[in-house]
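Presented below is the structure to which this report refers.
In my numbering, the protein residues as written are 308 to 557.
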């Protein structure tokens with residue numbers, strides 16, 4: 308379909324209407340054309356800007372994804388597994404089989420009950436002795452007018468002289484054979500050169516006929532449910548299943 312030109316249309320209108328009316332109509336037509344052109348231009352610009360904004364948002368979102376050039380294919384597979392595990396975790400039954408300790412499982416409860424029962428032993432008393440003090444007189448330094456004693460206390464080496472103190476022991480005398488000392492309770496001790504110093508605390512050596520093992524115990528020691536409740540100079544008393552067992556040297 309062919310539309311008439313604007314000039315032809317205006318000429319026809321001027322032939323029909325007076326000149327004054329023609330000018331008014333022409334002005335209205337021009338205003339209408341201007342409005343239509345303005346609206347069309349604004350619509351096209353708005354659509355273009357909206358499209359640019361959407362494209363920019365997509366581009367920004369893509370650039371915000373942290374992709375490291377050092378990530379290889381193997382690492383990407385590991386990440387995928389972690390994501391899948393977080394989205395689809397395994398049931399609790401699977402975790403129960405994998406955990407080493409589960410305080411709510413029946414297996415651990417039964418094991419705890421079994422462990423509370425003493426293991427069978429057949430103890431015999433070998434010897435009773437005294438627990439040595441952690442101190443040994445190792446040597447001396449002889450000076451013109453006195454002796455300096457060397458004492459090993461556990462893993463440390465100390466040098467003492469008459470009148471000095473060492474871990475609560477006051478040195479009374481020093482000779483080439485021994486060191487005389489007194490503790491805070493007033494009990495006197497002799498530290499003989501290169502000899503262990505026995506304390507007043509007792510220990511015992513037990514032999515198990517079943518396991519063929521030897522145990523050195525003190526009061527309050529526990530062996531598989533057997534508790535040492537007392538050590539006397541001639542016997543050891545154990546407690547097992549609520550009953551006392553008295554061991555004497557054979």
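Just so you know, even glycine gets a beta-carbon here, dropped at the ideal spot from N, CA and C.
Identified DSSP bridge partners for residue 550
547
For residue 501 and residue 446, I'd like the C-alpha separation in whole angstroms.
If I take the Cα positions, the gap works out to 8 Å.
Residue 338 in three-state terms, based on DSSP:
helix
I need the boundaries of the beta strand (DSSP E) containing residue 429, first residue and last residue.
Careful: residue 429 lies outside any beta strand (DSSP E) and carries neither H nor E.
If I follow the unbroken beta strand (DSSP E) through residue 487, where does it start and stop?
485-489
Paired residues, beta bridge with residue 457 - DSSP:
446 and 466
Please report the straight-line C-alpha distance between residue 531 and residue 517, rounded to a whole angstrom.
13 Å
Bridge partners for residue 509 per DSSP, in chain order?
437
Skipping 5 residues on each side, what residues in its chain have a beta carbon closer than 8 Å to that of residue 453?
468, 469 and 481
Give me the DSSP bridge partner(s) of residue 535.
545
Are residue 431 and residue 539 closer than 9 Å when you measure CB to CB?
Contact flag unset, no.
Taking only three categories from DSSP, how would you classify residue 517?
Here residue 517 carries a coil assignment [DSSP, helix/strand/coil].
Can you tell me which of 474, 433, 479 and 493 puts its alpha carbon nearest to the alpha carbon of residue 305?
Residue numbering for the chain in the displayed model covers 308 to 557; residue 305 lies beyond these limits and cannot be assessed.
Under a three-way DSSP split, which group does residue 344 fall into?
Helix, per DSSP.
Between the CA atoms of residue 489 and residue 465 - distance to the nearest angstrom:
17 Å
Same chain, Cβ closer than 6 Å to residue 536, neighbours up to 5 away in sequence not counted
544 and 546
Check for me: the beta strand (DSSP E) holding residue 499 runs from which residue to which?
For residue 499, the enclosing beta strand (DSSP E) begins and ends at 495-499.
Top-ranked residue by Cα proximity to residue 533, from 472, 441, 552 and 511
552
Under a three-way DSSP split, which group does residue 471 fall into?
coil
Residue 509 versus residue 457: straight-line alpha-carbon distance, rounded
A direct Cα-Cα distance of roughly 27 Å separates residue 509 from residue 457.
By how many angstroms is the C-alpha of residue 548 removed from the C-alpha of residue 498?
43 Å
C-beta contact flag for residue 473 and residue 495 at 9 Å
Against a cut-off of 9 Å, the Cβ pair of residue 495 and residue 473 comes out as no contact.
Exposed unless 16 or more other CB atoms sit within 10 angstroms - verdict on residue 339
exposed
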